[in-house]
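Chains as they are written, first to last, in this note's numbering: chain A, 1 to 262; chain B, 1001 to 1198.
Glycine residues also receive a C-beta, built at the ideal position from the N, C-alpha and C atoms.
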Amino acid sequence: MSANPFRWLADNGDAVLRAARNEVGRSVVVPERRAFLRRTLTLGGLSLLSGCALVDEESVENALTRISRFNDKAQGWLFDPQQLAPTYPDSLIARPFPFNAFYGENEIPVVDEEGFRLEVSGLVADRHAWTLAELRRLPQREQVTRHICVEGWSAIGKWGGVPFADFLRRIGADLSARYVGFKCADDYYTSIDMASAMHPQTLLALSCDGRTLEPRYGFPLKLRIPTKLGYKNPKHIQAIFVTNTYPGGYWEDQGYNWFGGS
Amino acid sequence: MNLKTAVIHPLWLRLTHWLNVVAVIVLTLSGWRIYNAAPFFPFVIPKWMTLGGWLGGAIQWHFAAMWLLAGNGLLYLACNVLSGRLRRKFFPLSARAFVADLQAAWHGRLSHADPTHYNTVQRAAYLFVIADTVLLVLSGLVLWKSVQFPLLRELLGGYEAARRVHFLAMSALLAFIVVHLAMVALVPRTLPAMIRGR
Chain A
1 MSANPFRWLA DNGDAVLRAA RNEVGRSVVV PERRAFLRRT LTLGGLSLLS
51 GCALVDEESV ENALTRISRF NDKAQGWLFD PQQLAPTYPD SLIARPFPFN
101 AFYGENEIPV VDEEGFRLEV SGLVADRHAW TLAELRRLPQ REQVTRHICV
151 EGWSAIGKWG GVPFADFLRR IGADLSARYV GFKCADDYYT SIDMASAMHP
201 QTLLALSCDG RTLEPRYGFP LKLRIPTKLG YKNPKHIQAI FVTNTYPGGY
251 WEDQGYNWFG GS
Chain B
1001 MNLKTAVIHP LWLRLTHWLN VVAVIVLTLS GWRIYNAAPF FPFVIPKWMT
1051 LGGWLGGAIQ WHFAAMWLLA GNGLLYLACN VLSGRLRRKF FPLSARAFVA
1101 DLQAAWHGRL SHADPTHYNT VQRAAYLFVI ADTVLLVLSG LVLWKSVQFP
1151 LLRELLGGYE AARRVHFLAM SALLAFIVVH LAMVALVPRT LPAMIRGR
């Protein structure tokens, strides 16, 4: 290194950055789907509209986002609160049920059972925080349904827990509010419409396949909502809030459709 | 009828044809990217051939162009049925005439003298691709909203079966397009007819 570190950095800065990026790239494999909307327009590696000044990327991105908002409305309109997702016999349950998250299995959060409190906030009458024991004492239901991932694959699983409509009524939630939002121990967050939240098959799940929810399936608490895609089924829920302000979601903010219904 | 001035393809047909081209290109390329996220056959589509960049982008394209395909398709069907063109152009349709025309085409003897008239192979091919597109839309509905369309879902054999149906219907559409483009290359004057109408 030369005597003047600033001179040295000016000469070699780019190379240092490149080396650092390579190092980081090797240890952190960023999943492809974490990429942001910027790449929507690419046709493979090439920009679809490269060299074409007629349409700029941003206006196409905005148009696609507006259509996605329109699709939210269309799905809200199509949604029938009485229409049940198909249920299946236990013999069709996928074992082991596939693990899926925006991180690897070695990064599954560890939630302490004793210290756990489910926070409830927003447009609700009763804001007391719930222990797991309290939640387990509520009437439970179990159902075998198909989990459909946005990637296209699906797997049948059995989840048990508190019907979410019962829970929302119990905490005195404003059922005319538009959204129910979730914050999770893995920094995941998402939100759903009130109609889907009140669907008879929507569960605040405490168990999977008859056993206490394993960490990989979202211990201690997961929303199991068979009328929506997998990314609308948050795991490791720590807080639930009822609101009229659009809360978005981890994937939704990157471009996945917000309603995400099936 | 004077073939030089007679309109072979009315304006609504040409419009819906080219809008359909746009919809099919966007849906196919983005659909391949969606397929790649969880392939159910032992292959993936090369990424450079796909549209959307990542799964979320591909889905945005796909769920935008689906409205164009379905809306434009309904407009086409409505105009086709109400104008009487469907009945006039595509029927009668007999198996015997189909085989005869197919053999004639194979031996290069199928006449194209009158571009306003579809031979039986053409009739069958166009009716097939209409039915195939309807199947694409219906199976797509099951994939998009499998809970909300239970009858359709069960008719297609469930969610997972509908994924295969959707993919195979796409493959059949592409097979049609390959033959369709080959025919346009063989009889080039059909191309200006689809642009200018005559």
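C-beta neighbour in chain A for residue i, strict 7 angstroms
i, result
"S1094/B", "no"
"S1146/B", "yes"
"F1063/B", "yes"
"A1038/B", "yes"
"G1073/B", "no"
"Y1159/B", "yes"
"G1056/B", "yes"
"Q1060/B", "yes"
"L1019/B", "no"
Helix, strand or coil at residue i [DSSP, three-state]
i, result
"D193/A", "strand"
"S59/A", "helix"
"T145/A", "strand"
"K1089/B", "helix"
"S223/A", "The identity of residue 223/A in the sequence shown is Leu, whereas the question assumes Ser. Here L223/A sits in strand by DSSP."
"W258/A", "coil"
"Y1076/B", "helix"
"T1120/B", "helix"
"W1032/B", "helix"
"L135/A", "helix"
"A205/A", "strand"
"G153/A", "A small fix is needed here, since residue 153/A is Trp in this sequence, not Gly. Looking at W153/A - three-state DSSP - the assignment turns out to be coil, as it is neither helix nor strand."
"E107/A", "helix"
"K183/A", "strand"
"A239/A", "strand"
"P1010/B", "coil"
"L118/A", "strand"
"T1050/B", "coil"
Contacts around residue i, its chain only, beta-carbon distance under 6 angstroms, and the 5 residues preceding and following it disregarded
i, result
"I171/A", "V120, V124 and D126"
"A205/A", "W159, G161, K222 and R224"
"T1120/B", "A1097, F1098 and D1101"
"Q75/A", "F259 and G261"
"R146/A", "S154 and I156"
"K1089/B", "Y1118"
CB contact check: residue i to chain B, cutoff 7 angstroms
i, result
"W252/A", "A small fix is needed here, since residue 252/A is Glu in this sequence, not Trp. By this cut-off, E252/A is not an interface position."
"L78/A", "yes"
"S154/A", "yes"
"N62/A", "no"
"V29/A", "Any reading at V29/A is ruled out, since the residue's pLDDT is 44, under 50, leaving its predicted position unreliable."
"E293/A", "Look at the range of chain A in this structure, 1 to 262, and you will see that residue 293/A is not part of it."
"Y256/A", "yes"
"S262/A", "yes"
"I67/A", "yes"
"N100/A", "no"
"N71/A", "yes"
Nearest-angstrom beta carbon gap, residue j and residue i [assumed within contact, 8 angstroms]
i, j, result
"G261/A", "T190/A", "No, G261/A and T190/A are not in contact; Cβ-Cβ is about 13 angstroms, not under 8 angstroms."
"T243/A", "G122/A", "5 angstroms"
"C184/A", "K232/A", "About 13 angstroms; that fails the 8 angstroms criterion."
"Y256/A", "Y179/A", "Not quite, the Cβ-Cβ distance comes to about 16 angstroms (not below 8 angstroms), so this is no contact."
"P215/A", "V110/A", "7 angstroms"
"A197/A", "L168/A", "6 angstroms"
Beta-carbon proximity list for residue i, same chain, < 8 angstroms, skipping 5 on both sides
i, result
"P98/A", "W153 and A155"
"L1191/B", "V1184"
"G1197/B", "V1007, I1008, H1009, P1010, L1011 and R1014"
"L1075/B", "W1012 and T1016"
"S1204/B", "As displayed, chain B neither begins before 1001 nor continues past 1198, which places residue 1204/B out of reach and without an answer."
Listed by chain order, chain E residues near residue i by CB distance under 7 angstroms
i, result
"G172/A", "No chain E appears in this structure, whose protein chains are A and B."
Contacting residues, own chain, Cβ-Cβ under 7 angstroms from residue i (five flanking each side not counted)
i, result
"G1140/B", "M1066 and H1166"
"L1051/B", "V1026, L1029, S1030, R1033, A1058 and W1061"
Review point. Which of the residues in the segment 209 to 240 of chain A, read from start to end, lie with their CB under 8 angstroms from any CB of chain B?
Key: P226 and T227
Practice item. Give the residues from the segment 126 to 149 of chain A that approach chain B closer than 9 angstroms (Cβ to any Cβ), ordered along the chain. Key: R146, I148 and C149
Practice item. Compile a chain-ordered list of the residues in the segment 83 to 95 of chain A whose CB is closer than 9 angstroms to at least one CB of chain B. Key: Q83, L84, A85 and P86
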